[in-house]
Amino acid sequence: MVAAPLVHDPVKYKDFHVHHETYKIVSGHSVELTILVPKFLVENGELSEKTPIIAEFHGGFLVGGNRLFSPWFPDWLVELAFSRRAIVITPDYRLLPEANGHDILEDLSDFWKWFSENLETKLAGYHPEAKIQPDFDRILATGGSAGGWLISQSMFLHPEINIQAAILPYPMINLRDRFWAEKYEKPIFGLPTLPFAMVEAHLQNSPPNAVVTVDGDIEKVGGLTRIPLGVSMVQNGKFLDFFGRETELFPFENLPRAERVSPFVWVFHGKQDSAVPVSGSEKFVADIQKYQPNVDVRLDLQDGEHGFDTDDHLTIFEGWMKEGVEQMSAYW
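Residue 224 in the UniProt record's numbering sits at position 224 of the sequence shown, and the numbers go up by one each step.
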């Protein structure tokens with residue numbers, strides 16, 4: 001993802017009504033989410049059917065990114081929302097290295113609590129003429145890279161949320177792998193090993209107990225600044241020092257005891273991914289088949305680097321993506 005053009009383009013969301021909300025406050029810092037409502041849903045007047053929901057979680061090594069950074073919000077997801085007449089809800093969350101994995105899990109729990117208790121009321125207030133009713137029986141969770149960690153943890157730790165389908169592009173989930181815990185040559189996006197001193201300097205220059213949930217500006221043209229911190233942490237084998245090592249933080253350890261998993265799970269990954277090893281996706285699919293044999297799980301391995309699905313040529317109306325969406329249609 002660091003190789004993508006780090007210029008935010010708000011035009012990406014021109015066909016949505018964009019609503020920002022605070023779903024929790026930490027040490028006086030607002031942690032926010034955004035609800036995207038396709039404009040045509042409102043323009044058509046009162047809706048006769050409930051509206052499907054897409055919950056989208058952003059990536060960035062759990063270190064960078066933000067909920068509306070347009071280069072990481074793929075065109076195919078916009079196509080999917082429009083074709084299924086769905087609303088999209090996307091949250092920020094606390095970021096490493098100021099936070100840790102348990103902080104992020106706490107944010108995830110609080111997001112889903114807000115989602116269950118407030119989404120319907122908020123939608124009714126935004127567009128009373130449309131009478132939008134979210135369909136809590138038709139929830140799709142999606143998100144690439146670190147977003148895949150948040151989706152898998154949502155499935156395994158929050159069975160009360162009725163996630164019917166999950167799409168995990170190049171998910172960052174096999175965090176016990178030596179890739180995250182050991183220092184050796186890892187040319188992530190072709191970069192040489194970045195000095196760990198940059199992370200140490202960042203922390204020294206940060207206020208005590210800083211809370212960071214947004215990298216960059218979600219509404220102005222600009223890039224991200226924190227991704228090199230994540231690259232350095234991973235290249236130097238320091239990621240788990242900040243993330244944590246407790247069992248609850250690791251999806252592969254939560255899967256065997258999960259009460260419920262989404263009935264449909266779709267994983268896709270670039271074969272040349274230098275930021276998240278493709279072997280993690282292969283293991284994830286194999287473990288789902290082992291522990292949850294009733295789950296319909298699909299794996300697509302394609303040529304490409306990390307974030308390959310953000311290329312504008314990829315569409316849900318052609319090729320392997322069309323096949324995956326058609327397969328998902330039985331569930332969402």
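Backbone N, C-alpha and C fix where the C-beta goes; we use that ideal spot for every residue, glycine too.
Item                                                                                                                                                                                 : Value
From this set, Lys-50, Val-18 and Thr-51, which residue's C-alpha is nearest Ile-35's C-alpha?                                                                                       : Val-18
CA-CA distance, Glu-98 and Leu-203?                                                                                                                                                  : 8 Å
Taking only runs that begin and end inside the UniProt domain "Alpha/beta hydrolase fold-3" (56–184), name each unbroken beta strand (DSSP E) of 3 or more residues, in chain order. : 87–91, 134–142 and 163–169
By Cβ distance below 6 Å, which residues in the same chain neighbour Trp-320 in space, the five residues on each side in sequence not counted?                                       : Asp-300
Using CA atoms only, rank isn't needed, just tell me which of Phe-189, Ile-161 and Pro-38 is closest to Glu-305.                                                                     : Phe-189
Report the rounded CA-to-CA distance for Leu-105 versus Ser-48, giving the unit in angstroms.                                                                                        : 36 Å
Helix, strand or coil, according to DSSP, for Tyr-331 in the structure here?                                                                                                         : coil
Can you list, in chain order, the residues of its chain with a C-beta nearer than 6 Å to that of Asn-118? Leave out the 5 residues immediately preceding and following it.           : none
Compute the beta-carbon to beta-carbon distance between Glu-79 and Thr-315, rounded to the nearest angstrom, for a pair I have assumed lies under 8 Å.                               : 6 Å
Any C-beta of chain D sitting closer than 8 Å to the C-beta of Tyr-93?                                                                                                               : The structure shown contains no chain D; it holds only a single protein chain.
Tell me whether Leu-36 sits in a helix, a strand or coil according to DSSP, three-state version.                                                                                     : strand
Going by C-alpha to C-alpha distance, which of Gly-270, Val-26 and Asn-162 sits closest to Asp-309?                                                                                  : Gly-270
Is Thr-142 buried or exposed, if buried means 16 or more other CB atoms sit within 10 Å of its CB?                                                                                   : buried
Tell me whether the beta-carbon of Asp-103 lies closer than 8 Å to the beta-carbon of Pro-52.                                                                                        : no
Given this structure, state the Cα-to-Cα distance separating Gly-147 from Leu-255, to the nearest angstrom.                                                                          : 17 Å
The beta strand (DSSP E) that contains Leu-301, what's its start and end?                                                                                                            : 296–302
Using C-beta distances below 7 Å, list every residue in its chain close to His-20, excluding the 5 sequence neighbours before and after it, in chain order.                          : Glu-32 and Thr-34
Excluding the 5 residues flanking Phe-250 on each side, which residues of the same chain have their C-beta closer than 7 Å to its C-beta?                                            : Leu-175 and Arg-176
Can you tell me whether DSSP reads Val-2 as helix, strand or coil?                                                                                                                   : Any reading at Val-2 must be qualified, since the residue scores a pLDDT of 40, below 50, and its modelled position is unreliable; no value is offered.
Indicate the three-state DSSP secondary structure (helix, strand or coil) for Pro-52 in the structure shown.                                                                         : strand
Measure the alpha-carbon distance for Ser-70 versus His-313 and round it to whole angstroms.                                                                                         : 16 Å
From the DSSP output, read off the bridge partner residues of residue 380.                                                                                                           : Because the chain in this structure spans residues 1 to 332, residue 380 falls outside the shown range and cannot be described.
How many Å lie between His-127 and Arg-94 at the Cα?                                                                                                                                 : 30 Å
Do you know how far the Cα of Pro-228 is from the Cα of Ser-27?                                                                                                                      : 26 Å
Alpha carbon to alpha carbon, how far is Gln-153 from Tyr-23? Give it in angstroms, no decimals.                                                                                     : 19 Å
Which first and last residues belong to the alpha helix (DSSP H) in which His-269 is found?                                                                                          : No alpha helix (DSSP H) contains His-269, which is instead part of the beta strand (DSSP E) from 264–270.
Going straight from the alpha carbon of Met-1 to that of Gly-125, what length do you get?                                                                                            : Unreliable positioning characterises Met-1 in this predicted model, as indicated by a pLDDT of 39, which lies under 50. The coordinate reading is nonetheless provided below. When rounded, the distance between both Cα atoms is 36 Å.
Could you give the first and the last residue of the continuous alpha helix (DSSP H) run that contains Gly-280?                                                                      : 279–291
Between which two residues does the alpha helix (DSSP H) holding Ile-227 run?                                                                                                        : 227–235
Check each candidate in Asp-75, Lys-186, Thr-121 and Val-214 and name the one with the smallest Cα separation from Asp-92.                                                           : Val-214
The alpha helix (DSSP H) that contains Leu-240, what's its start and end?                                                                                                            : 239–243
Pull up the distance between the alpha-carbon of Lys-39 and that of Val-212, whole angstroms please.                                                                                 : 31 Å
Which residue marks the beginning of the alpha helix (DSSP H) containing His-202, and which one marks its end?                                                                       : 197–204
Using only CA atoms, which one of Val-261, Phe-252, Lys-122 and Gly-144 lies nearest to Leu-168?                                                                                     : Gly-144
For Pro-171, count neighbouring C-beta atoms within 10 Å of its own C-beta (all shown protein chains included) and say buried if the count is 16 or more, exposed if not.            : buried
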